[in-house]
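Asks: Numbering (the working numbering), first residue to last: 317 to 447.
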C-alpha cells in the first residue's frame with residue numbers, strides 16, 4: 317500500500333516558517349477562457365488588527381480570520397489576467413472556500429477533492445495572480 321501523498325516538506329516548511337503566506341497550484345480547467353488555481357493560506361500569520369488603515373485583504377481571508385488555514389479554489393477570466401495590473405474580489409469566481417485547522421485537515425480536504433498535494437509550490441512559481 318502506498319503512503320498518502322502530502323504537500324512537499326520544503327513547501328510546507330516555507331509556509332509554516334512565514335517565508336510566504338500561501339502555497340498554490342494551477343488547476344486544469346475545461347473552459348479555455350478561464351484559468352483556475354487552488355491556494356492554501358496560513359491565515360494565522362495575518363495581523364488583521366494592527367494593519368495599515370489602507371491595507372485590505374480579500375473577502376475570503378477576512379471571512380477566515382478566526383481560522384488557522386483557508387483553502388480557496390477560484391477561477392479568473394484570461395482576459396482579466398492579460399489586461400489588468402491587479403486583481404480584486406470582483407474579478408475572481410470562488411468555487412471552493414474551506415477553513416481548516418491542521419495539516420491533517422488540509423490533506424484530507426485535498427484527498428476528498430482529488431487535488432494532488434505534491435503539486436503545491438510557492439505562489440511565484442505557478443503564476444499565482446493574487447497579491
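Using N, Cα and C, we set each Cβ at its ideal position, and we do this for glycine too.
These numbers come from a predicted model, not from an experiment.
On a Cα-Cα basis, can you pick out the residue from 402, 423, 391 that is closest to residue 385?
Replies: The residue with the shortest Cα to Cα distance from residue 385 is 423.
Asks: Output the boundary residues of the alpha helix (DSSP H) element that contains residue 353.
Replies: Counting along the chain, residue 353 falls outside any alpha helix (DSSP H), though it belongs to the beta strand (DSSP E) covering 350-358.
Asks: Tell me the DSSP secondary structure of residue 430 in three-state form.
Replies: If DSSP states are grouped into helix, strand and coil, residue 430 belongs with coil.
Asks: Give the range of the alpha helix (DSSP H) segment to which residue 417 is assigned.
Replies: From DSSP, residue 417 is part of no alpha helix (DSSP H); its letter is neither H nor E.
Asks: Tell me whether residue 445 is buried or exposed, calling it buried when 16 or more other Cβ atoms sit within 10 Å of its Cβ.
Replies: Burial call: buried.
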